[in-house]
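*Asks:* Residue numbers -23 to -1, 1 to 402, in mature numbering (1 follows the signal peptide of the UniProt record, and there is no 0), belong to the letters of the sequence shown in order. Every residue gets a Cβ at the ideal spot worked out from N, C-alpha and C, and that includes glycine. Everything numeric in this text was worked out from a predicted model, so none of it was measured. Once you've had a glance at the structure underneath, I'll fire off some questions.
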Amino acid sequence: MLKKIAVTAVIAAVANLSGLAPAYSQIRVEVSGVGSNQIPIAIAGFTDEALTPQQVTSIIKDDLTRSGYFKIIDANVVLNENAVVNFGDWKAKGADALVVGSVQSLADGRFDVRYKLLDTVKSSTLSGFSVTAPPANVRLTAHRIADDIYEKLTGVRGIFSTRIAYVTKAGSEYRLEVADADGEGTKIALRSSEPIISPAWSPDGTKVAYVSFEKRKPVILVQNLVTGERTEIANFKGNNSAPAWSPDGSKLAVALSRDGQTQIFTVNANGGNLQKLTSSSAIDTEPQFAADGQSIYFLSDRGGNPQIYKMSAGGGEAKRVTFGGTYNITPRISPDGKTLAYISRRDGKFQLYVLDLASGQELRLSDTTKDESPSFSPNGRYIMYATESGRRGSLAVVSIDGKVKQKLTVQAGDIREPTWGPFMK
């Protein structure tokens, strides 16, 4: 008997974002490079999956292929979750795992999607569940199946059902857009004739903070993606920039120049209780909460060059973190708190680096030369960042070992300022 997986109201609302306008310029994804150890897996066609608006197994295959950690073995057969499987035949084909399933159309218009993951080596069932989904959530259901496969076979939670946000520019229009992690299902959260920068997802995945220039100056706002409601968080004299959420979602760290020099502050998520954390004679900006919320990483030129520092979340003494190179900016901390990502300028190239905080070992992840705005996937295994391709802004994704790489582009215009959304509860 397969367990029944429920799609919560929050997941469904954020997945559909019915209050947002659809975008018609979809993202194109190109994959290069694979993981060092690929898992061979066969994905059989699901019985009656032609009933759904999108083929479930096609989405699953695309997700697993894009991850770089799976080798898809041709199945060329349709098998439901109750089919009798000859495990020896599948092992002979080179598959260590086999995915089977079915789709049933229900009287109310929804679909019952059933799936099972089999271990061909041990001749056993690894996982399986069923989901009842409306047509609009079939793609999300396929992503969740891919997430389960990824987790059961790698031990790391999958990120295919997560969302990304980014800013596009076409002509004189700027758009804050939200999409599935694979670039599909794009929706427009905001259109503006003025720049939009520094979007940041709230920990619960229902809101995005960003800097808008609609008032002809930088102002920090938080937008509810489900209702469309916008709340002004910081509109002080001077620059209001670089919003970053605390892990519990109760406050944001921001960079303000209200007192002259740009310094780090925190402010409640509703815009109240402003507190100043730094009072240096240097420029302190780009704050990021550590994964445990107890400290903040930030950029400062207090040592003469831009470098990344760390201080308590309540302020106080700051300690320098980066020492490789003379120009390191835009700190981003991994979800487990063990790895720091940042952009480093060396030999005139702006490139993505990661630093193992325990060992101090540094690794360059990108081959491009105009990188900016890194953002970790919620499982910490990938980093999305902005770069340039053919003199146009594009996005890229790289695994933290540098082996798996993806390029994301739109047909027209620039795409920049990526931020990877959290796991949905």
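According to DSSP, is Ser321 helix, strand or coil?
*Replies:* Reading the sequence shown from its first residue, position 344 is the one you call residue 321. Correct three-state label for Ser321: strand.
*Asks:* Relative to the C-alpha of Lys287, which residue among Gly302, Ile310 and Gly301 is closest?
*Replies:* Locating residue 287 in the sequence shown gives position 310, counting from the first residue. Of the listed residues, the one whose Cα sits closest to Lys287 is Ile310.
*Asks:* Applying the criterion that 16 or more other CB atoms from any shown protein chain within 10 Å of the CB defines a buried residue, is Gly135 buried or exposed?
*Replies:* Counting from 1 along the sequence shown, the entry for residue 135 is found at position 158. Burial call: buried.
*Asks:* Cα-Cα, which of Ala27, Thr163, Gly132 and Thr139 is closest to Thr145?
*Replies:* Residue 145 sits at position 168 when you count from the first residue of the sequence shown. Each of Ala27, Thr163, Gly132 and Thr139 was checked against the Cα of Thr145, and the nearest Cα belongs to Thr163.
*Asks:* What is the DSSP secondary structure of Ser100, reduced to helix, strand or coil?
*Replies:* Numbered from 1 along the sequence shown, position 123 holds the residue referred to as residue 100. Reduced to three states, the DSSP call for Ser100 is coil.
*Asks:* Skipping 5 residues on each side, what residues in its chain have a beta carbon closer than 8 Å to that of Leu334?
*Replies:* As a working mapping, residue 334 is identified with position 357 in the sequence shown. Around Leu334: Val298, Gly314, Lys315, Thr316 and Leu317.
*Asks:* Following the continuous beta strand (DSSP E) through Glu209, name the residue where it begins and the one where it ends.
*Replies:* What you label residue 209 is simply residue 232 of the sequence shown in a count that begins at 1. Residues Arg207 to Ala211.
*Asks:* Using the three-state DSSP reduction, which class does Thr34 fall into: helix, strand or coil?
*Replies:* Numbered from its first residue, the sequence shown carries residue 34 at position 57. Of the three classes helix, strand and coil, the one that applies to Thr34 here is helix, per DSSP.
*Asks:* Determine, using beta carbons only, whether Pro395 and Thr139 come nearer to each other than 9 Å.
*Replies:* In the sequence shown, the residue the question calls residue 395 occupies position 418. In the sequence shown, the residue the question calls residue 139 occupies position 162. Taking 9 Å as the Cβ cut-off, Pro395 and Thr139 do not qualify as a contacting pair.
*Asks:* Give me whichever residues DSSP pairs with Gln200 in a beta bridge.
*Replies:* Along the sequence shown, one-based indexing puts residue 200 at 223. Gln200 is bridged to Val185 and Arg207.
*Asks:* Taking the continuous beta strand (DSSP E) assigned at Lys70, which residues delimit it?
*Replies:* Within the sequence shown, numbered from 1, the residue matching residue 70 stands at position 93. No beta strand (DSSP E) holds Lys70; DSSP gives it neither H nor E.
*Asks:* Here's the rule: buried if 16 or more other CB atoms are within 10 angstroms of the residue's CB, otherwise exposed. What is Asn250?
*Replies:* Within the sequence shown, residue 250 is the residue found at index 273, counting from 1. Counting Cβ neighbours within 10 Å, Asn250 comes out exposed, since fewer than 16 surround it.
*Asks:* Give me the Cα-Cα distance between Glu339 and Arg87, rounded to the nearest whole angstrom.
*Replies:* Here residue 339 is taken as the residue at index 362 of the sequence shown, counted from 1. Here residue 87 is taken as the residue at index 110 of the sequence shown, counted from 1. Their Cα atoms are separated by approximately 50 Å.
*Asks:* Whose C-beta lies closer than 8 Å to the C-beta of Thr24 among residues of the same chain, with five residues either side of it excluded?
*Replies:* As a first step, residue 24 is located in the sequence shown; it is residue number 47 there, counting from the start. For Thr24, where only same-chain residues beyond five positions count, the Cβ hits under 8 Å are Val55, Leu56, Asn57, Gly78, Ser79 and Val80.
*Asks:* Between the Cα of Arg168 and those of Trp178, Arg152 and Ser175, spot the shortest distance and give me the residue it belongs to.
*Replies:* What you label residue 168 is simply residue 191 of the sequence shown in a count that begins at 1. Ranking Trp178, Arg152 and Ser175 by Cα distance to Arg168 puts Arg152 first.
*Asks:* Do Val196 and Thr208 have their C-beta atoms closer together than 9 Å?
*Replies:* As a working mapping, residue 196 is identified with position 219 in the sequence shown. As a working mapping, residue 208 is identified with position 231 in the sequence shown. It is not a contact, given that the beta carbons lie outside the stated cut-off.
*Asks:* Under 6 Å Cβ to Cβ from Gly302, same chain only, skipping five residues before and after it: list those, please.
*Replies:* Position 325 of the sequence shown, counting from 1, holds the residue named residue 302. Result list for Gly302: Ser321 and Arg323, in chain order.
*Asks:* Quick test of your reading: Glu349 and Tyr362, contact by CB under 8 Å. State the CB separation rounded to the nearest angstrom.
*Replies:* Within the sequence shown, numbered from 1, the residue matching residue 349 stands at position 372. Within the sequence shown, numbered from 1, the residue matching residue 362 stands at position 385. Contact flag correct, Cβ pair sits at about 7 Å.
*Asks:* List the DSSP bridge partners of Gln(-21).
*Replies:* Mapped onto the sequence shown, residue -21 falls at position 3. Residue -21 is actually Lys in this sequence, not Gln. Its beta-bridge partners are Phe106.
*Asks:* Provide the residue(s) that pair with Asp261 in DSSP beta bridges, ordered along the chain.
*Replies:* Along the sequence shown, read from residue 1 onward, the residue named residue 261 stands at position 284. Its beta-bridge partners are Ser277.
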